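Here the sequence shown is numbered in the numbering used here, starting from 18 and rising by one per residue.
Beta carbons: idealized from backbone N, C-alpha and C, even for Gly.
Values in this document were obtained by computation on a predicted structure and should not be read as measured data.
These notes concern the structure reproduced below.
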Amino acid sequence: KNFGIGLVFSMLWASASVATKAALAYAQPFVIADFRFFIAGVLMLAWAHGIRRQPLPSRAEWLPLIVYGFLNVTL
């Protein structure tokens with residue numbers, strides 16, 4: 018079970034450089050990175066909350082998550 022998740026992650030991670038290179042003809046690198054991370058965050062939140070039924074982050078956890086996500090992309 019965990020092997021499959023790792024395999025999917027590896028394939029998606031490896032494809033990111035190809036997708037980014039193709040998208041550079043249409044957008045700036047920062048815009049591409051922001052879009053990729055936003056989509057990934059939405060998908061992970063939907064998977065964790067919708068499929069695995071994990072609770073959403075508490076109100077106090079949202080600000081650190083937003084700050085970390087912003088700094089992770091910009092720095």
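Taking a C-beta distance under 9 Å as the contact criterion, T37 and A57 do not qualify as a contact pair. Between the alpha carbons of V35 and F26 lies a gap of roughly 15 Å. The continuous stretches of alpha helix (DSSP H) do not include A42, and DSSP gives it neither H nor E. Rounded to the nearest angstrom, the gap between the Cα atoms of W79 and W64 is 18 Å. Annotated three-state conformation of R76 is helix, per DSSP. Put simply, the backbone Cα of P46 is about 8 Å away from that of A40.
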